[in-house]
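Scroll down for the structure; my scribbles are underneath it.
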Amino acid sequence: METRLTHATPRQRALVPVLVFLGMVVAVISSLGAPLVPRIAQADHVSLADAQWSLTIVMLVGAVATPTVGRLGDGPRRRAAMLGSAAVVLVGSLLAALPLGFAFLLVGRALQGAGLALVPLAIATARDSLPAERSRPAVAMLSITTVAGVGLGYPLTGLITQLFGIHGGFWFGALISAVALVAAAIVLPPSGHLPPRRLDGLGALLLGAALGALLLALSEGQSWGWGSARLLGLLAVAVALLALWSTHELRCAHPLVDLRTLRNRTVLTANVTGLIAGAGMYLLMSLVTRFAQTPTGAGYGFGASVTITGLILLPFSITSVAASKLAPVLARHTSTRFVLPVGCVVSLASLAAFGFARTGLWELFLAMGIAGLGVGCTFAVMPGLIVNSVPAHETGSAISFNQVLRYVGYAIGSALSAVVLQAHTAAGHALPSDAGYTLAALLGCAVFVVAIVVTVVLPRRGGTGEATAAGPAPSTPRPTGAELKHR
380 METRLTHATP
390 RQRALVPVLV
400 FLGMVVAVIS
410 SLGAPLVPRI
420 AQADHVSLAD
430 AQWSLTIVML
440 VGAVATPTVG
450 RLGDGPRRRA
460 AMLGSAAVVL
470 VGSLLAALPL
480 GFAFLLVGRA
490 LQGAGLALVP
500 LAIATARDSL
510 PAERSRPAVA
520 MLSITTVAGV
530 GLGYPLTGLI
540 TQLFGIHGGF
550 WFGALISAVA
560 LVAAAIVLPP
570 SGHLPPRRLD
580 GLGALLLGAA
590 LGALLLALSE
600 GQSWGWGSAR
610 LLGLLAVAVA
620 LLALWSTHEL
630 RCAHPLVDLR
640 TLRNRTVLTA
650 NVTGLIAGAG
660 MYLLMSLVTR
670 FAQTPTGAGY
680 GFGASVTITG
690 LILLPFSITS
700 VAASKLAPVL
710 ARHTSTRFVL
720 PVGCVVSLAS
730 LAAFGFARTG
740 LWELFLAMGI
750 AGLGVGCTFA
760 VMPGLIVNSV
770 PAHETGSAIS
780 FNQVLRYVGY
790 AIGSALSAVV
800 LQAHTAAGHA
810 LPSDAGYTLA
820 ALLGCAVFVV
830 AIVVTVVLPR
840 RGGTGEATAA
850 GPAPSTPRPT
860 GAELKHR
């Protein structure tokens, strides 16, 4: 491996840029629906609640597809799984772009959701195809593409929609997904040498149904009512299915997700932190975008356009990318056990900044820039911790599970913002009070306090992986499945 990459061909040197581009494309496309929801409702003559499904369905399909595709990508079908997922995204982009009506738009957006499974496979490819000194920064960069791409997707979508209409935004998604597919087909290395892995069909079905029920309940809570029998029943179904799935996975010889790896405190810390930090991040993004677009007549807000609102998120993307470069360096000079909570502290500061200083538009830009630094640090080190703590043949599945927990966190954060703001909306009024935003921001601070406690208390003292924050150490042997079971 080392000799082959010392004299790397242009195709091999292009691997990391193409993997990063693939991740960014997926993130940008997945975020396309958010700024367009009001215009989709108007153009396709549907309610705002129905139009919201153009965003919700992407997350639902992505959460269901990610663990299954991740397991497929742990064997000789990795390249085929990646190219197949990219092709599905392209087909979905074309369906969404064509003026065929709202039903076809939803189908297209659902197909685009399959692309959310690509980032874990990209990380697994980087681990297997690169020497350690190159895989560490590559894994760190790939781990934040999903969040950095959101910050890029919003302003791009707003600008393109303003110039070319709703379908112009989706045509842009089709164009970049086509470029990504061609680039991936040229550059992705063969994976036929990887040992075959069985797919746990029943596990995939149970987890997919459980995640679908959970995310559907979280996304529809505001319209159904958080105390409604329908929502509580759906949550009960989700919990029951998750319990069945966990029992099945622990008994299965070839599980979809090897839950025994959670006995490793490093893996457990990364996954719990991903869930909590994802909730805190999306809580802030939901608050900032809604606050910015609130008409000034409400006594607060800036009446910002979709384009301006998107630009507010741009510092988040820029600083998260910068943090992904900084975090591995910082971890090498300190430890991962230092970087992970520090990222959460910085994220907490961003919510505090929004909670107490939002009278000027520049303060929203500042809050999102701070958030990017915090989230970038946290998300940059998490996949490296997992990569260095699981067997090589479990990389795709383990990273996919972490990604799914982030998606669940995003949905929880969005739901939390909706619940708090709804509770501070007076009867007969359409907009919440300004105090509701302050309370929601304080709730976000509390979320990150929990994350900080988790990152400090949960890891085993003298735990593993400190020296390799963003990837495996050059000479560190990776544990086998049997070793993990005895940790």
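Going by my numbering, the first residue of the sequence shown is number 380, and it counts up by one from there. Positions of the beta carbon are idealized from the N, C-alpha and C atoms, including for glycine. Being a predicted model, the structure only gives us computed values, none of them experimental.
Here ARG456 is buried: its Cβ has 16 or more other Cβ atoms, across all protein chains shown, within 10 Å. Judged by DSSP secondary structure, SER625 falls within the alpha helix (DSSP H) whose first and last residues are 608–630.
Your pair LEU567 and LEU462 checks out as a contact, with CB atoms roughly 7 Å apart and the cut at 8 Å. Your pair PRO478 and SER779 does not check out as a contact, with CB atoms roughly 35 Å apart and the cut at 8 Å. The shortest CA-to-CA distance from ALA825 to any of GLY734, PRO575 and MET761 is the one to GLY734. The C-beta of ALA615 has fewer than 16 other C-beta atoms within 10 Å across all chains shown, which makes the residue exposed. About 18 Å separates the CB atoms of GLY587 and GLY788; that is not less than 8 Å, and the two are not in contact. Under the three-state reduction of DSSP output, HIS633 falls in the coil class, being neither helix nor strand. Ranking ALA517, VAL769 and ALA420 by CA distance to the CA of ARG644 puts VAL769 first. Pairing LEU401 with LEU497 gives a Cβ-Cβ distance under 7 Å.
By the criterion of a C-beta distance shorter than 8 Å, PRO694 is surrounded in its chain by GLY530, PHE744, LEU745, MET747, GLY748 and GLY751, once the five residues flanking it on both sides are discounted.
In the structure shown, the three-state DSSP call for ARG639 is helix.
LEU415 counts as buried, since no fewer than 16 other beta carbons sit within 10 angstroms of its beta carbon. Of TYR786, THR524, VAL766 and SER464, the smallest CA-CA separation from ALA701 is found for THR524. DSSP places ALA702 in the uninterrupted alpha helix (DSSP H) bounded by 685–712. TYR786 carries a helical assignment under DSSP once its states are collapsed to helix, strand and coil. Only buried fits PHE758, as 16 or more other CB atoms lie within 10 angstroms of its CB. Here ILE539 is buried, its C-beta having at least 16 other C-beta atoms within 10 Å.
With fewer than 16 other CB atoms across the displayed protein chains lying within 10 angstroms of its CB, ARG642 is exposed.
Taking THR388 as the centre and dropping the five residues before and after it, the same chain places no C-beta closer than 7 Å to its C-beta. The alpha carbon of LEU764 has as its nearest neighbour, out of TYR816, GLY792, PRO811 and PRO707, the alpha carbon of PRO707. In terms of Cα proximity to GLY487, the closest of ALA806, LEU469, LEU495 and ILE502 is LEU469.
With a contact defined as Cβ atoms closer than 8 Å, VAL437 and SER409 qualify at about 5 Å. Pairing GLY680 with THR686 gives a Cβ-Cβ distance that is not under 7 Å. Judged by DSSP in its simplified three-state form, GLY682 adopts coil rather than helix or strand. With respect to the 7 Å criterion, LEU662 and GLY792 are classified as neighbours on the basis of their beta carbons. ALA393 and VAL440 have their C-alpha atoms some 30 Å from each other. When DSSP states are grouped into helix, strand and coil, GLY449 belongs to the helix group. In the structure shown, GLN491 falls within a helical segment according to DSSP collapsed to helix, strand and coil.
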